[in-house]
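In the working numbering, the protein residues as written are 69 to 201. Please read the structure below before turning to the comments.
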Amino acid sequence: MKNVKQGFTLIELLVVVLIIGILASVAIPQYFKIVEKGRAAEGISALSAMGGAQDREMLRTGAYTSDISTLDVSATGLKFFNITGNATAVTATRKAGNAACPTAYGCYTLVFTLATKRIVCTGTPDSCVSLQP
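Here is the structure:
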């Protein structure tokens, strides 16, 4: 009987490593994009809640408040955004944490304008476009 060698050749292993590398180069950026969209959803949700609270304040007192800490919704405790506001708009600014802003998306700000009831992203064009649903 003949001895048959078993195992993989070096070329086969290199092809597998190359395929894994190509898949990773596509999948990893998409993963981080989805993660940042989830983080942006925290800011959008908070802005919507603050906008609703400002509307309730308008119904109750006849004017929007410039001190958002007096509203019936808390703007504190968000993990990824700082919320500020006045009588015309509520703003969610992306927190940088211990490091600089996220490299791929930079520092961006979400602004909810009370008059138009729209949320607008300000920052680099790439960051705002890639965070759209």
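No residue lacks a Cβ here, since even glycine has one placed at the ideal position from N, Cα and C. In this text, all values refer to a predicted model and were calculated from it rather than measured experimentally.
CB of residue i within 8 Å of CB of residue j, strictly
i      : j      : result
Leu146 : Ala114 : yes
Thr156 : Ala183 : yes
Phe148 : Gly111 : yes
Thr152 : Val179 : no
Thr190 : Gly174 : no
Asn150 : Thr161 : yes
Simplified DSSP assignment, three categories, for residue i
i      : result
Phe100 : helix
Gln74  : coil
Gly191 : coil
| task | May I have a chain-ordered list of the beta strand (DSSP E) segments no shorter than 3 residues that lie completely inside the segment 126-189? | result | 149-153, 157-162, 177-181
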